[in-house]
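**Student:** Mind looking over this structure? Questions follow.
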Amino acid sequence: MDSTFAPSLACLYVDNFERQVVLHEDNLFLQQIKLWKRYIDDILLVWTGTKEEAHTFPNWLNTANPFLNFTVTIGDNRLPFLDLLIYENDGALATEVYYKLTDRNNLLQFQSFHPQALKENLPVRQFLRLRRNCSTLTDYHKHADKLATKLQAKESGQKSLQKSTQ
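If you use my numbering, the sequence shown corresponds to residues 7 to 172, in order.
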């Protein structure tokens, strides 16, 4: 079987598990699930129960299906999810960009033999991603400064870098 099907099969498999176990009316923990969002195999869960129940829930999920292994990261005010850091700001949820500890500067070298349009648009798209993912301008400017440093380290074209920060 071609591995390009793996994400689609994973989505179908986990979707079926969600319907039959997690979101089923017989789930004893269903009332504590305020929000359940999934991207392939990463799940964002907002829990209204106790911390003890939050630790028990993934153990219960793991016993419901031997082919899935659930782990949990519990955050009080800040929680990483994919490339976002979700946190509470004045009683509302806010986001900023999250970089894993293993992140490295793997942006495209400007001297590479990729199409010129791609190289010129890369900084623009990266700054747009930052703006979209940062709820506040303060967070955006903090991450934009870091991105500019990364792009300069990769010797991105100064013209496209200046254009993208405007």
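Note that the Cβ used here is the ideal one computed from N, Cα and C, for glycine as well.
Using the C-alpha atoms, what's the distance from Thr-155 back to Leu-114?
**Tutor:** C-alpha separation (whole angstroms): 14 angstroms.
**Student:** Quick one: what does DSSP say Leu-36 is sitting in, helix, strand or coil?
**Tutor:** In the structure shown, Leu-36 sits in a helix (DSSP, three-state: H, G or I).
**Student:** Which of the three DSSP states is assigned to Asn-83 in this structure?
**Tutor:** In the structure shown, Asn-83 sits in coil (DSSP, three-state: anything other than H, G, I, E or B).
**Student:** Buried or exposed, going by whether 16 or more other CB atoms sit within 10 Å of the CB of Ile-92?
**Tutor:** Looking at its Cβ environment, which holds 16 or more other Cβ atoms inside 10 Å, Ile-92 is buried.
**Student:** With a cut-off of 8 angstroms on the beta carbons, I'd call Ala-60 and Trp-53 a contact; round off their distance for me.
**Tutor:** At roughly 5 angstroms, the Cβ-Cβ gap stays under 8 angstroms, so Ala-60 and Trp-53 are in contact.
**Student:** Locate the beta strand (DSSP E) running through Ala-48, then write down its first and last residues.
**Tutor:** Residue 48 is actually Asp in this sequence, not Ala. Segment 48 to 53, the beta strand (DSSP E) holding Asp-48.
**Student:** Only counting the same chain, and skipping five residues up and downstream in sequence, which positions put a Cβ closer than 7 angstroms to that of Met-7?
**Tutor:** In this prediction, Met-7 scores a pLDDT of 49, lower than 50, which makes its location untrustworthy; the coordinate-derived value is nonetheless stated afterwards. For Met-7, where only same-chain residues beyond five positions count, there are no Cβ hits under 7 angstroms.
**Student:** Is it true that the stretch 132 to 144 meets the stretch 86 to 103, where meeting means three or more beta-carbon pairs spaced less than 8 angstroms apart?
**Tutor:** Yes, they touch.
**Student:** Do you know offhand how far Val-78's Cα is from Ile-46's?
**Tutor:** Val-78 and Ile-46: Cα-Cα distance of roughly 16 angstroms.
**Student:** For the alpha helix (DSSP H) holding Asn-127, just list the boundary residues, first then last.
**Tutor:** From DSSP, the alpha helix (DSSP H) with Asn-127 extends over 122 to 139.
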